[in-house]
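Beneath this line is the structure, given in structure tokens, with notes to follow.
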Amino acid sequence: MKLLTTLFIALLLSGSTHAQTELEPFKKNIQRVLVYPAFLRQTCTPAFTNMLIDIDGKGKVVAVKLSDSAPALLRDEFRKVKGSFKLELLNEFIAAKKLKNCGIIIPLFWVYGNDYCVNAVDEMLLTNNYFSFDFNLYQKLTFNLQPIITKLYKPVR
461 MKLLTTLFIA
471 LLLSGSTHAQ
481 TELEPFKKNI
491 QRVLVYPAFL
501 RQTCTPAFTN
511 MLIDIDGKGK
521 VVAVKLSDSA
531 PALLRDEFRK
541 VKGSFKLELL
551 NEFIAAKKLK
561 NCGIIIPLFW
571 VYGNDYCVNA
581 VDEMLLTNNY
591 FSFDFNLYQK
601 LTFNLQPIIT
611 KLYKPVR
């Protein structure tokens, strides 16, 4: 029984790791395309938000949104560049997981390195509306992924 339990846990962990690694190209695309706005960087404003990838009943991506917790400047930047996201990088993952009529949630964090900003932040402000998209709570089941964390450092001059 102990061996069976160990094998089951190993299988779960390996599947989770595989899911994360097969999504790395998509995550890197997001980090490359979605550039943190200069004003937010200069004012030491971190961001904690969710990206929602909405999947229809046929397993196709029908919408990509940021949660309402994102600063307005970041939401504006997101709207400008979301057509450049390589959503086709998700197709294999969606098919392998048989995802239909659900959403994929990817937490997105922009945080500062210790050498850049020391700023007191109101956590409630950062996480308010964290699971709200277009002022509504998402009503479908979600497949939640590990966060994409972007560390912001002081520019080298």
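The working numbering puts the first residue of the sequence shown at 461, with every later residue one more than the last.
Note that beta-carbon positions come from the ideal geometry of N, C-alpha and C, so glycine has one too.
| Beta-carbon gap between S544 and Y590 smaller than 8 angstroms | No.
| message | According to DSSP, is K600 part of a helix, a strand, or is it coil? | response | Coil.
| said: In chain order, what are the residue ranges of uninterrupted alpha helix (DSSP H) at least 4 long that sit wholly in the region 524-577? | reply: 532-541 and 551-557
| message | Using a Cβ-Cβ cutoff of less than 8 angstroms, which residues in the same chain neighbour F538 once the five nearest sequence positions on both sides are dropped? | response | L494, L526 and A530
| Rounded Cβ spacing between G624 and A555 (contact assumed at less than 8 angstroms) | The displayed coordinates of the chain run from 461 to 617. Any statement about residue 624 would go beyond what the structure contains.
| query | Are the beta-carbon atoms belonging to N604 and L568 less than 8 angstroms from one another? | reply | no
| message | Suppose contacts are defined by Cβ-Cβ distances below 8 angstroms. Is I566 in contact with I515 by that definition? | response | Cβ distance not < 8 angstroms, so I566 and I515 don't count as in contact.
| request: Rounded to whole angstroms, what's the CA-CA distance from V524 to C504? Just pull it up for me. | output: 26 angstroms
| Integer Cβ distance of C562 from L601, believed to fall under 8 angstroms | 5 angstroms
| Just how far apart, CA to CA, sit G573 and T610? | 10 angstroms
| query | By DSSP, does K611 sit in helix, in strand, or in coil? | reply | Strand, per DSSP.
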